Every structure is written in C-alpha cells, then in structure tokens.
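Novice: This is the structure I have questions about; it appears just below.
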Amino acid sequence: MPRVSIVVPAYNAGPFLEKTLKSVLASSYDDYEIVVVDDGSTDDTAAIAAAMGPKVRLIRQENQGMSKSRNNAVASGDSEFIALLDSDDIWHPDKLRLQVAMMDESPEVGLSYTEFTVWDGADATATFEPTVSSERDTALSGWIYPKMLLTNFVLPSSALFRRTLWNALGPFVCEDHQTDDWEYFVRASRQFPFAKLKSRLVLYRQHPTSLSRALPKVNKTEAMRERLIARFGLECENGGPADLAQLAARRQRGRCHFADAHVARGDLALGLREFSALLASGPNRLDSFLSLLKALASRVRRKLARA
C-alpha cells in the first residue's frame, strides 16, 4: 500500500479532471496513489480517470456528495497518510514531498496544510511562486482550535493528515458540502496539533459561474460556527480560550458578507434585514453601514450593466 492516498471526489469533472490529475502525476514525491471517486457523473469523468495510468484507482458510485465520497475513498484503503484534492484544483510538484517530510519530522502533528492561491483557470505554470520551502507559518500551526472557530484556515485541497487522525475522529459528517470540511478540521484541531507551510502549493480554482448561482437563504457559515461553539465550547485544554474580540469581529464580518451578497445580487429584502440587525445591535456599526452602501452601489451597477 502506498504511504499516501490522494482522495479526489469527482462529479461531472470532465473539463478539469485531467489537468488536476496531471499536476499530481508530476509530483516530486512518488509513494502515493490517487483515488478518484466518480460520484455518479453523467460525463466522461470516469473515462478520464481510467486513462491516467496505474497510479489512479477509480471508484464508481451513485451520487452521494462530496463528504460521503471522501469517506468511501478513505475507507477503501490503508495508507499511512490521506490527502484531499478537489477535482478542479492544481498541486505544486513539491507539495506532497514537503508535507510528508514535515510530518516525518514532527510525528506529533496530525494534519498539515499549506497556503494557496485563488485562480481563475489561467496557465498554472505561471501562477506558482518561483521558489517554495518547508518554512512553517507558526501563527497557524500547533494547537489552533480557538483560531479554527474564527474561520476554516485549512483549504481541503491543501490538507494531508495521518490515518491515525482519521481513526480517532471517524468520517466526515454529511450535512452540508459547504461546511462539512470545516467541522471535520475543527474536530481534528481539538485532538491533534496542526502544521502549516507558508508556501503557496495549491491553485484553488474559483469559477466565474459561481457568481451567478442562487445564494442560500441561510448563512450556513455562521450557523456552523454557532453549532461548533455549542458543541465544543470556546476553549480547549490544549489550545486555550478563543479571542472573544476576534470572534465578534469575525461574526460581524461573516454577517456583513452574507448581507452584502444578497443586497448586491440576491434577495434584497433578506440582505436589508440582515444589515438592519447589524446596524441596530451589532459591533462595528460604521463598518456595517459602509458595507451596506457598497452593496447597494454594486446592485445598481449590475442593473445598469444589464440595461
């Protein structure tokens, strides 16, 4: 069994999957397998994965979603390490080598992750930094549970963790693909120290079409944060207490972002209600008011552009 299983859930990923898999096959570290989970695709996802060579192991299933696909892939193997990779993201050739070396040097670390670059699908070779290193981001390494309540600092496509962590925590919950990974990494941060590499070793694809999708009526990020706090509390034996001022600021920012998105391109009434609540009782009311003005201006610009 290879030391690393790279888990790639894929649903109708035909336009992007080959480039994603080729970025892994170009890795400077060789002791791995790629487990592609074809999650009930109706395009050529399975054919692309099957044609990529012996490093790729294909699992086909009825559509079950991202989290269940990850769970099925991890359960199908027995590798020492598990890496996550979304079917449209790109890895730096040295990502796996640097992370495995760091984990070998620090056996107490349960999960490693890296910095990343948001990209729009442009040429990957021109987007990575010219040099990368094993330097750690000490501010976001160690016992970071209190910081993980602020936001999900771990991009799934950058994560590499030990199977012992998986065995201790169990599988991903399968509630909402937007927040399941955050819930998992928060659970992990209570039981294991993390280590972050400063280098940008992942290209995180952000699709332009995402701006045209219907916005959720519920602020799922804030709802998940409240569930996490209710379940685990504001402090951890190993990580200490959460910074309440930072937490309040992050909540306000999250609510502003939710309201801003709806005012600019979604449900105007819902967005205005959220802004009204922030202006009535929330912290940083001036920031909330300025965010409202910017959101209204954005909505006007969009309407004028369509006129």
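Quick note on numbering: full-length UniProt numbering labels position 119 of the sequence shown as 119, and the sequence is numbered without any gaps. For each residue, glycine too, the CB sits at the ideal point set by N, CA and C. Everything numeric in this text was worked out from a predicted model, so none of it was measured.
1) Threshold first: 3 residues or longer. Then list the beta strand (DSSP E) segments lying entirely within the segment 131-164, N to C.
2) To the nearest angstrom, report how far apart E33 and R225 are at their CA atoms.
3) Looking only at C-alpha atoms, which of I144, S69 and V8 sits nearest to N238?
4) When burial is assigned at 16 or more other CB atoms within 10 Å of the CB, is V218 buried or exposed?
5) Nearest-angstrom Cα distance between L197 and A269?
6) Using only the alpha-carbon positions, how far apart do Y29 and R3 sit?
7) Per DSSP, R250 forms a beta bridge with which residues?
8) Put L234 into one of helix, strand or coil per three-state DSSP.
9) Where does G170 sit, in a helix, a strand or coil, going by DSSP?
10) Can the beta-carbon of L85 be found less than 9 Å from the beta-carbon of V8?
11) Given M102, which residues of its chain have a CB within under 8 Å of its CB, disregarding the five upstream and five downstream residues?
12) Going by CA-CA distance only, name the one from G240, T42 and D38 that's closest to M148.
13) With a CB to CB cut of under 6 Å and the five nearest residues on each side skipped, what residues in its chain are close to N71?
14) I'd like to check one pair, R253 with A277: are the Cβ atoms closer than 9 Å?
15) Going by the DSSP bridge assignment, what does L203 pair with across the sheet?
16) Beta-carbon within less than 8 Å of D180's beta-carbon, same chain only, minus the 5 sequence neighbours each way: which residues are those?
17) Taking the DSSP output, what are the residues bridged to L58?
18) If you draw a straight line from the C-alpha of A73 to the C-alpha of L160, how long is it?
19) What does DSSP give as the partner residues of residue 309 in its beta bridges?
Specialist: Straight from the coordinates:
1) 160-162
2) The residue you call residue 33 lines up with position 33 of the sequence shown. The residue you call residue 225 lines up with position 225 of the sequence shown. Roughly 34 Å separates the two Cα atoms.
3) As a working mapping, residue 238 is identified with position 238 in the sequence shown. Of the candidates I144, S69 and V8, the one whose C-alpha sits nearest the C-alpha of N238 is I144.
4) As a position in the sequence shown, residue 218 is number 218, starting the count at 1. Exposed.
5) Position 197 of the sequence shown, counted from the first residue, corresponds to residue 197. Position 269 of the sequence shown, counted from the first residue, corresponds to residue 269. If you take the alpha carbons of L197 and A269, they lie about 42 Å apart.
6) In the sequence shown, counting from the first residue as 1, residue 29 sits at position 29. In the sequence shown, counting from the first residue as 1, residue 3 sits at position 3. Distance between the alpha carbons of Y29 and R3: 11 Å.
7) Your numbering for residue 250 matches position 250 in the sequence shown. DSSP links R250 through a beta bridge to no other residue.
8) Position 234 of the sequence shown, counted from the first residue, corresponds to residue 234. Coil.
9) On the sequence shown, position 170 is the one that residue 170 refers to. Three-state result, G170: coil.
10) As a working note, residue 85 is residue 85 in the sequence shown. As a working note, residue 8 is residue 8 in the sequence shown. Cβ distance < 9 Å, so L85 and V8 count as in contact.
11) Walking along the sequence shown from the start, residue 102 turns up at place 102. So the qualifying residues of the chain are V109, S112, S134, R136, A195 and L197.
12) Translated into the one-based positions of the sequence shown, residue 148 becomes position 148. Per the Cα distances, G240.
13) Against the sequence shown, residue 71 aligns to sequence position 71. Cβ within range, chain order: P171 and F172.
14) Taking the sequence shown and counting its residues from 1, the one referred to as residue 277 is at position 277. Taking the sequence shown and counting its residues from 1, the one referred to as residue 253 is at position 253. Result no, Cβ atoms of A277 and R253 do not sit closer than 9 Å.
15) For this step, residue 203 is matched to residue 203 along the sequence shown. Answer by DSSP bridge pairing, in chain order: I90 and T117.
16) In the sequence shown, residue 180 corresponds to position 180, counting from 1. M66, S67, F172, V173 and C174, listed in sequence order.
17) Position 58 of the sequence shown holds residue 58. Its beta-bridge partners are V36.
18) By 1-based counting over the sequence shown, the position of residue 73 is 73. By 1-based counting over the sequence shown, the position of residue 160 is 160. The straight-line gap from Cα to Cα measures roughly 14 Å.
19) Because the chain in this structure spans residues 1 to 307, residue 309 falls outside the shown range and cannot be described.
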